[in-house]
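I have placed the structure first, in the form of structure tokens, so that the comments after it can refer back to it.
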């Protein structure tokens, strides 16, 4: 677990440290249009769980596309190339209020077509080993009808952008609703 994450809930939500970063996320689609998502959580508030695409922070000196490729490899075990990335198809700023911190993240979203594969989480960070609870391939029809939290909420719309480069990158604006503890 990284040293900045305690998962301890401060009495006053305003006392949570704020972090900002740039992130790259990838919507992985198999030939049956199933999307790979991970069940993420906030150990400080274990009743909350949500599903997210693979992705994470852009390291210093790294492009968004390089970060996207690296994050897919680290979180799934799959190897893709920058040339296989479609997009970025969308951008947004997500403000996530967690039990122990507030994370403001400028995100770009890519799509990538992959053959089905067995997910390998052996390269998860210590924090991901604690927070990532599950993964599965979701059929698009299930994503539109589920009561589960799917982040971003417009994920199915992003899939529809695959063959619409005239709409890239779709501006998803700023989203603050993806929080376990309000910002």
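In full-length UniProt numbering, the protein residues as written are 1 to 183.
Quick reminder that beta carbons are idealized off the backbone N, C-alpha and C, glycines included.
Around the beta carbon of residue 163, fewer than 16 other beta carbons sit within 10 angstroms, so the residue counts as exposed. The C-alpha of residue 85 is placed about 16 Å away from the C-alpha of residue 170.
Leaving aside the five residues that flank residue 133 on each side, the residues in its chain whose CB is nearer than 6 Å to its CB run, in chain order, 39 and 41. Here residue 101 is buried. Its C-beta has 16 or more other C-beta atoms within 10 Å. Inter-residue distance for residue 121 and residue 183 is about 30 Å (C-alpha atoms, whole angstroms).
Taking 4 residues as the minimum length, the alpha helix (DSSP H) runs contained wholly in the UniProt domain "Nudix hydrolase" (19 to 159) are 64 to 76, 126 to 131, 140 to 145 and 155 to 159, in order along the chain. From the listed residues 151, 118 and 131, the smallest Cα separation to residue 137 is found for 118. The beta carbon of residue 139 sits closer than 6 Å to those of 34, all from its chain and outside the five residues before and after it, given in chain order. An exposed status is given to residue 148, since fewer than 16 other beta-carbon atoms sit within 10 Å of its beta-carbon. Taken atom to atom, the span from the alpha-carbon of residue 143 to that of residue 103 is near 25 Å. For the options 56, 20 and 107, the alpha carbon positioned closest to that of residue 127 is the one of 56. A straight line joining the alpha-carbon of residue 72 with that of residue 111 spans about 11 Å.
Taking C-beta atoms as the reference points, residue 29 and residue 90 fail to come closer than 8 Å. Beta bridge pairing from DSSP links residue 174 with 93. Of the candidates 53, 95, 168 and 44, 53 places its Cα closest to the Cα of residue 135. In the three-state reduction of the DSSP assignment, residue 165 falls in the helix class, which pools H, G and I.
With respect to the C-alpha of residue 174, the residue from 107, 141 and 130 having the closest C-alpha is 107. Between residue 25 and residue 109, the CB-CB gap stays under 8 Å.
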